[in-house]
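**Student:** Numbering (my numbering), first residue to last: 1332 to 1769. Glycine included, each C-beta is placed from N, C-alpha and C at the ideal position.
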Amino acid sequence: AVLVLSQTSLKMWKGIYIILFCVGMLTVVQSEVSRRGEVSKKKTEFVSLKPDVVYDSTNYDFKTDTLCIYCYGGEARALWKFFTTATIRINIQTEDFQLYDGDNFTVVLKNFETAENAWFNMMPWKQTVVQIHPFTSSCIGVATDYEHETRLLVKRIDFKRIFQFAGGLLLFLYSGQIGHNAIFYYSVGTSVGVLAAGLILVFILSRMFPRKPIAYTILIGGSSITLYILQLLYNNMLSLIKRFHFYIIGYLSIASIISFCLIYRYQPMTHPRSLQLVTWSMQALGLVFMLSSSCFREASLAVIILVVTIHNIPAQWTRRLKNLWYVKFPPKRRFLSEEEYYEQGVRETARSLKDLQRYCASPECPSWKIIRKIKDPKRFAEFVSGASHLNDEEILDHELFSPLHDRYEDPKMDGKACYYNDSDELTDSLLTDDEDNS
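(1) Tell me where the beta strand (DSSP E) around T1416 begins and ends.
(2) For the alpha helix (DSSP H) holding R1710, just list the boundary residues, first then last.
(3) Would you mind sorting C1470 into buried or exposed? The rule is 16 or more other CB atoms within 10 Å of its CB.
(4) Quick one: which unbroken alpha helix (DSSP H) runs of 4-plus residues sit fully inside the stretch 1625 to 1674? Chain order, please.
(5) Considering only residues of the same chain and omitting the five flanking positions on each side of E1713, which have a CB-CB separation below 6 Å?
(6) Could you check where the alpha helix (DSSP H) with E1724 kicks off and where it finishes?
(7) Would you report the Cα separation of E1730 and C1691, rounded to the nearest angstrom?
(8) Would you identify the three-state DSSP class for L1380, choosing helix, strand or coil?
(9) Whose C-alpha, out of T1397, M1613 and P1708, is nearest the C-alpha of E1376?
(10) With a threshold of 6 Å on Cβ separation, who are the neighbours of P1742 within its own chain once the five nearest residues in sequence on each side are excluded?
(11) For G1404, which of helix, strand or coil comes out of DSSP?
(12) With H, G and I counted as helix, E and B as strand and the rest as coil, what does DSSP make of C1696?
(13) What span of residues does the alpha helix (DSSP H) with T1610 cover, start to end?
(14) Mind checking R1574: buried by the 16 CB within 10 Å criterion, or exposed?
(15) How should T1475 be labelled, buried or exposed, when 16 other C-beta atoms within 10 angstroms of its C-beta is the threshold for buried?
(16) Assuming K1412 and F1620 make a contact with CB atoms under 8 Å, what is their CB distance in whole Å?
(17) If I measure Cβ to Cβ from K1486 and keep anything under 7 Å in the same chain, skipping five residues before and after, which residues do I get?
(18) Could you tell me which of L1606, C1402, Q1647 and Y1505 sits nearest to D1434, measuring between CA atoms?
(19) Name the residue from G1510, P1662 and R1650 whose alpha carbon lies nearest to the alpha carbon of H1602.
(20) Output the distance between the C-alpha atoms of H1840 and I1588, rounded to the nearest integer angstrom.
(21) Taking just the CA atoms, how far does S1605 sit from R1420?
(22) Please check the pair G1524 and S1612, which I expect to be a contact at CB under 8 Å, by giving their CB distance rounded to whole angstroms.
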């Protein structure tokens, strides 16, 4: 008796499901038939757009059953328009409107009729800012019963596209360094973990539904309701975030902590092939950024080919090209003047002496072996301690027979030579200038 009762209840529930599904389909059919009757009554209005001109729908025989189609013919392609963008802005005070795009008036009208006559209207979308191609013909159809204003904005240089191109180029060039960075690995892993947590939740919820044909039928029949709910959530995203920000922050925090712990447990990737795959993926992403940064696809593709070619040129070829360039076009050599020659000699001598003093004072210097070979160990010790490497007699002999003796005489000394050693003001000033330049 219990078995017969359970079978009877199961058949009853199946019958109820079938009746509800049939009622829903009949309702959809009735609404589609009535909507198709309204499509044939729609009128169209064509407007040719010009940059920075506001077009009011009331000035073009606006009616409640009119489909307004706005078209832009585009501009001629040029390299200086590499970062040019075109945008159509629609100022409307309601969300009761639909947009249809196409290359010309006929395509937009065809898309409108196709979308309106379809069982499931998936083509229209609601946006008040529409990005169009600045170099080709583009049209936008606005189906609404309300007044609206339309404006075409053409930016000759879009800085967002410049930043996008620069970011893609840097990502392509430095993908190897970024891919080997642990911070990048943890950041990407945590982000993927946050998204994966949502997918796991959806999978768990899907396991709760019965796996029977009648359940799949109801699921397919309710797909339109699901799409409506998703669209409603997307349109009210900001309000949902403001209202449930505490739960959203909690979910992101918990999912991020769990993902970070898992990554910390299993450590970043170390296999060379895995790292190479990450590098290639980042390079491909950088090329996609560069390609999508410009509406001039031919020019952006040429730039990408040039960048990839230069990046993959072997280092040996680059060195050979540099050598050939220097052979064919050697740089001009400028000879030093006598004053520059003297200053350079003082500077380099003083620097070398200081390097020698540091080396002799370091533990790497075999001081005892050096002391056994030199004639005056005391003078060597004084030199290591910071004293001059020349005595007064040696300085006098050098300056008296120097070819620049006449150029460096001190007038206050009545024709006597002005002597400079490694501790004098000239040497110190030259070393200071050299350190500042370096």
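**Tutor:** Looking at the coordinates:
(1) T1416 to I1423
(2) P1708 to S1716
(3) buried
(4) Segments of the alpha helix (DSSP H) lying fully in the stretch 1625 to 1674: 1628 to 1642 and 1646 to 1659.
(5) none
(6) D1723 to L1731
(7) 28 Å
(8) coil
(9) Comparing Cα positions, the closest option is T1397.
(10) Because the pLDDT of P1742 is 46, which lies under 50, any placement of that residue in the model is unreliable, and the number read from its coordinates should be weighed accordingly. No residues qualify anywhere along the chain.
(11) coil
(12) Note: C1696 maps to coil in three-state DSSP.
(13) P1603 to S1623
(14) exposed
(15) buried
(16) The Cβ separation is near 19 Å, so there is no contact.
(17) T1415 and T1416
(18) C1402
(19) Minimum Cα distance to H1602 is reached at G1510.
(20) Residue coverage of the chain in this structure runs from 1332 to 1769, which leaves residue 1840 outside it and unanswerable.
(21) In a straight line, the C-alpha of R1420 is about 45 Å away from that of S1605.
(22) The pair is not a contact, with the Cβ atoms about 18 Å apart (cut-off 8 Å).
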